[in-house]
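Undergrad: Starting off with a structure, shown below.
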Amino acid sequence: MRYPALHFRSAPRRDPPPQNRMQSLYEPAVIEAELQKLWEKSRVFSVCEDPAREKFYCLSMFPYPSGKLHMGHVRNYTIGDVISRYQRMRGRNVLQPMGWDAFGLPAENAAMANGVPPARWTRENIAYMKKQLKSLGFALDWEREIATCDPAYYRWNQWLFLRMLERGLVYLTTGTVNWDPVDQTVLANEQVIDGRGWRTGALVERREIPMYYMRITAYADQLLSGLDRLDGWPERVKVMQSNWIGRSEGVEIGFPHADGGGVLKVFTTRADTLFGASYVAVAAEHPLAERAADGNSALTAFVAECRHGSIMEADLAVQEKRGMDTGLHVLHPFTGRKLPVWVANYVLMAYGEGAVMGVPGHDERDFAFAKEYGLPILPVIDVGGREYSINAWQPWYDEYGVCKHSGEYDGLDYQAAVNAMAADLAAKSLGNKRVQYRLRDWGISRQRYWGCPIPIIHCGICGEVPVPDDQLPVVLPEGLVPDGTGNPLTRHPEFYECHCPKCGKPARRETDTMDTFVDSSWYYFRYSCPDTDRAMVDERTKYWMPVDQYIGGIEHAILHLLYSRFWTRVMRDLGLTEVDEPFSNLLTQGMVLNEIFYRKSGDGRISYWNPAEVDAQFDQKGQRTLSVLRADGLPVESAGMGTMSKSKNNGVDPQALVDRYGADTARLFMMFASPPEQTLEWSDAAVEGAYRFLRRLWNLGVEMAGGAPARSLDRGALTDAQRELRRKIHQTVVKVNDDIGRRYTFNTAIAAVMELCNALARAGDVSENGRAILREGLETAVLLLAPIVPHITAAIWRALGHETPLIDSSWPEADQSALARSEIELVVQVNGKLRGKVEVAADATEADIRAAALADGGVRRFVEGKEIRKVIVVPGRLVNVVVE
RNA sequence: GCGAAAGUGGCGGAAUUGGUAGACGCGCAGGACUUAGAAUCCUGUGGGCUAACCCCGUGAGAGUUCGAAUCUCUCCUUUCGCACCA
């Protein structure tokens, strides 16, 4: 791969170049640096609240400062910038802020590797990435920049935590974590690989520790019903959130213990199958399992075994279903039959009551479990009279039907049976109808250093004591260096030694920090008033919120977005905002992929090669025949496309792209390669193509600016060709406005402008009118591309003699008179196949169209000698002649 | 395992409401320019024999319809999420 030689100048010029003069060579480095400097100096993107103007809050998900920008960031922020600049040209007061999701695990990993304190590493990364963002020419208001590791920001995490604590929305209970027995530390899920610790390779254990939880389940119904009003969100995200919340209506049933004393509660959505229950299964963490294991060594061993491995649900779901009889029994609430209690590894302690009734006849998982352990299978639902066989599971076994072998409930359908049984259980105080959510409360405690301290003091006398508001923020000491063996705060007395705010006795400060999802749950509020130190937010929030357009990766479809919706509601209930939903419109961008090249060495080890080091060979049709490593000329294997990642060595550094071609080429390629919601495949060749187009655009500008000025258009004296070119110009305006303003399909908008530029370059009309139309066309193309490639368009705009900078120009309006046409072309099909085309008057009647279609030569050949059964006329589109 | 989405030429993609499949770009081929190359420009480019005609063609298989890339069902493949990565 060769790159065009760009003749960079040593330094950008300070004075603006003379108008109507353009360098004949397109030099992105010069024009981009100059414009970026100008924008910064004149503070064009710094905005303030102006009630007289309609606001537009355009927000991209803030980055984690991992070191340098990656392609996903460039894509994300280019999308946001295009929308922001478009809305600005439409006259809106546009806020587009940027900040840093600055707490998190990678800073601790870097500290372990290099011995650098996370604070220093993070701040250095921020400085570098900020420079990179500026070089891409994004229209960001840097005066509102925030970093979540700044005490001025995170003190309000702590403040809201305390308000939630006061209202019972925060509570302390035990939670399960991954425990590395060698390093004596808690591991994040991503630090567990195949059930073992990433550093030690030790088998991970599950451990119960005290943690603070936020009661998101109290808002479950609101978070669910609120989805219906989010018209600006992708349907798939709403469906995923809805399934995540997982509302189900069912019955809570109590099974009395056989030895007397208490009941075992289960939740079921299939109460109608209650007579088919042949056992009850509890999770390994269930108190009953622990009680039964006491003095039963086999059971103790089994329960301990269940506690090995990671806490990840995906791991739990694929593990072999196993169980063991506890020897305990409960009684069926209606028949009084004794049912055995089993411990089963497929029962989740976190869902419902941590116990399920086993109905092998009508639940596939229970069926498999019963087969494995020889438990009775009792069919109690009649589904359309079909024959039930316990030999093998059939898909219809869990369908709704009519009760049988269920005593007085026989013959009832699903709803009637559930209603009757729930009422009878309620009468015996052994059950009730209930709504159950799959959603669990949000555990926010992290046994980690680089995060927001939880504002609690543990006093031997007073217990858990909140830090008083006037002592906020609890500041995280910044010089510590984690070493992988737990949280260094626990070994830092200057931090944890304190006095109880209530009794004044020596006490210990909480050393856990908050989940970083807390930081990102409200940063978009803070952008509206980043400088206030008296409150979390102030009255300016009312002007800017809600966010009009939020843009971020699809990988955040559930957690981040759900937590943000939850925090917004909590802030609303505290009177801090009036909005229910933080993000009116959501755009979820796809991942950035690149090809993966690898070689397998003799011992089976795989090594990955960066695509930049690989050359391709093609056959005559352009199909690739071979990929070879440039260094040694030997072939490498392709593993197809995959997300850019360090482990697959297929990343491309955006900085190299910007350095070689400039920001505009990078932006154009990103927007042209695919629509924003889809994955984007990296291609060096396509980058070249984007650069080539910009150079052609530049040349059109050079020609126009260099020629004699065109007179104004004489609309009365247009030739057909001139009228057609003007129609093309204004059709492009309509198309691009729809693509950028409504559909967000920037790729098709760019394609439309390319078509227009091709038509302009081909026109070659040197008449007065011809030159005027060419100028109109080029200026239109420049305006339409301005949000996507802001530097080159601004430079051409200025060279064309405009006094007003492009950044302050308005979006073009289509001239309706140029769009009108007297004749239209219709497609004619015979039996659905294209056989001809006819020109008809735009206002032709259906009869005229029909006659014209049947008169067409191509059509007649296929209709001749056949009976016409019907003729379908779709006005403005086509005619379909149906013959026998 | 569960939940969500996507599969269209050699490649990225277009076809917006069920109505001309392949816009636009890349790649490739031929030509112009050039001592030569690079760059640039022009022409061609889904498959079936060169062309015309025609036939086939949107992951696989069925279905609905005058008409299906688009709607329905089954299957296959890939991507994202699964609560301590962000």
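Residue numbers (numbering that gives the first Met the number 0): 0 to 883.
Virtual Cβ for every residue (Gly too), placed ideally from N, Cα, C.
1) Indicate whether Ala270 and Val401 have their beta-carbon atoms separated by less than 8 Å.
2) Check whether the segment 483 to 498 and the segment 115 to 134 are in contact - that is, three or more C-beta pairs closer than 8 Å.
3) Between the Cα of Met513 and the Cα atoms of Tyr523, Ile443 and Cys528, which residue gives the shortest distance?
4) Are the segment 107 to 123 and the segment 69 to 83 touching, with three or more C-beta to C-beta distances below 8 Å?
5) Any idea what DSSP makes of Arg13, helix, strand or coil?
6) So the alpha helix (DSSP H) Lys40 belongs to, where does it begin and stop?
7) Count the other C-beta atoms from every protein chain shown that fall within 10 angstroms of the C-beta of Arg742, then say buried if there are 16 or more, exposed otherwise.
8) What is the DSSP secondary structure of Ile553, reduced to helix, strand or coil?
9) Does the segment 505 to 522 touch the segment 38 to 45, meaning 3 or more C-beta pairs lie closer than 8 Å?
10) Would you check if the distance between the CB atom of Gly308 and the CB atom of Gly200 is smaller than 8 Å?
11) Quick one: any contact between the segment 605 to 616 and the segment 574 to 583, if contact means 3 or more CB pairs under 8 Å?
12) Within this structure, are the beta carbons of Gly79 and Ile749 separated by less than 8 Å?
13) Would you kindly check if the distance between the Cβ of Thr267 and the Cβ of Ile244 is under 8 Å?
14) With C-beta atoms as the reference, is Ala282 less than 8 Å away from Leu327?
15) Leaving out the 5 sequence neighbours to the left and right, which residues in its chain are closer than 8 Å to Val858 when beta-carbon positions are compared?
16) Skipping 5 residues on each side, what residues in its chain have a beta carbon closer than 6 Å to that of Glu234?
17) Taking the continuous beta strand (DSSP E) assigned at Pro339, which residues delimit it?
18) Which of helix, strand or coil does DSSP assign to Arg533?
19) Count the other CB atoms within 10 Å of the CB of Glu883; is the residue buried (16 or more) or exposed (fewer)?
20) Would the segment 82 to 94 and the segment 802 to 816 be scored as touching if the rule is three or more Cβ pairs under 8 Å?
21) Do the CB positions of Leu679 and Gly763 come within less than 8 Å of each other?
22) Look at the alpha carbon of Ser563 and the alpha carbon of Ile215, and state the distance between them as a whole number of angstroms.
23) Which residue wins for smallest C-alpha separation from Leu805, given the options Thr792, Ser388 and Val862?
24) List the whole-angstrom C-beta distance separating Glu822 from Ala840, where the pair is believed to meet the contact cut-off of C-beta under 8 Å.
25) So Val870 packs on Val862, CB below 8 Å; how close in whole Å?
26) Please list the terminal residues of the continuous alpha helix (DSSP H) segment that includes Asn746.
27) Residues in the same chain with beta-carbon distance under 6 Å from Trp197, minus the five sequence neighbours each way, listed in chain order, please.
28) Considering only the beta carbon of each residue, do Cys451 and Gln221 sit closer than 8 Å?
29) What are the partner residues of Gly715, as DSSP defines its beta bridges?
30) Could you have a look at Glu165 and say whether DSSP puts it in helix, strand or coil?
31) Taking only the alpha-carbon atoms, compute the straight-line gap between Phe366 and Gly322 and give it to the nearest angstrom.
32) Out of Ala662, Asn390 and Leu633, point me to the one whose CA is closest to Lys370's CA.
33) Return the CA-CA distance between Cys57 and Gln95, expressed in angstroms with no decimal places.
34) Where does Gln86 land, buried or exposed, given buried means 16+ other C-beta within 10 angstroms?
35) Mind checking which residues open and close the alpha helix (DSSP H) that includes Gly776?
36) What residues are listed by DSSP as bridge partners for Leu330?
TA: On the basis of the coordinates in this document:
1) In terms of Cβ geometry, Ala270 and Val401 do not form a close pair [threshold 8 Å].
2) No contact exists between the segment 483 to 498 and the segment 115 to 134.
3) Comparing Cα-Cα distances from Met513 to each of Tyr523, Ile443 and Cys528, the minimum goes to Ile443.
4) Taking 8 Å as the limit for Cβ pairs, the verdict is that the segment 69 to 83 does not touch the segment 107 to 123.
5) Model confidence at Arg13 stands at a pLDDT of 33, short of 50, so the residue's coordinates are unreliable; what they give is reported in the following sentence. Here Arg13 sits in coil by DSSP.
6) Its alpha helix (DSSP H) spans residues Pro27 to Lys40.
7) By the beta-carbon neighbour count (other beta carbons within 10 angstroms, threshold 16), Arg742 is exposed.
8) In the structure shown, the three-state DSSP call for Ile553 is helix.
9) The answer is no - the segment 505 to 522 does not touch the segment 38 to 45, with fewer than three Cβ pairs under 8 Å.
10) Cβ distance not < 8 Å, so Gly308 and Gly200 don't count as in contact.
11) Segments in contact, no.
12) Contact: no.
13) It is not a contact, given that the beta carbons lie outside the stated cut-off.
14) No, the Cβ-Cβ distance between Ala282 and Leu327 is not below 8 Å.
15) Val827, Val829, Arg834, Gly835, Ala852 and Val880.
16) Here the set comprises nothing.
17) Bounds of the beta strand (DSSP E) holding Pro339 are Lys337 to Ala343.
18) Note: Arg533 maps to coil in three-state DSSP.
19) Exposed is the label assigned to Glu883, since fewer than 16 other Cβ atoms lie within 10 Å of its Cβ.
20) They touch, by the three-pair rule.
21) No; because the gap between Cβ atoms is not below 8 Å, this pair is not in contact.
22) One C-alpha to the other measures close to 11 Å.
23) For the set Thr792, Ser388 and Val862, the Cα lying nearest the Cα of Leu805 is the one of Thr792.
24) With 8 Å as the limit, Glu822 and Ala840 qualify as a contact, their Cβ atoms being about 6 Å apart.
25) The C-beta distance from Val870 to Val862 rounds to 10 Å, too long to fall under 8 Å, and the pair is not in contact.
26) It spans Phe745 to Ala762 - the alpha helix (DSSP H) in which Asn746 sits, taken as one unbroken run.
27) The beta carbon of Trp197 sits closer than 6 Å to the beta carbons of Gln190 from its chain, once the five residues preceding and following it are set aside; these are given in chain order.
28) Taking a C-beta distance under 8 Å as the contact criterion, Cys451 and Gln221 do not qualify as a contact pair.
29) In the DSSP output, where bridge partners are listed per residue, Gly715 has none listed.
30) Glu165 sits in a helix when the DSSP states are folded into three classes.
31) Inter-residue distance for Phe366 and Gly322 is about 13 Å (C-alpha atoms, whole angstroms).
32) For the residues Ala662, Asn390 and Leu633, the minimum Cα distance to Lys370 belongs to Asn390.
33) Spanning the two alpha carbons is a distance of roughly 5 Å.
34) Buried is the label assigned to Gln86, since at least 16 other Cβ atoms lie within 10 Å of its Cβ.
35) Here the alpha helix (DSSP H) through Gly776 covers Glu767 to Leu784.
36) In DSSP, Leu330 forms a bridge with Lys337.
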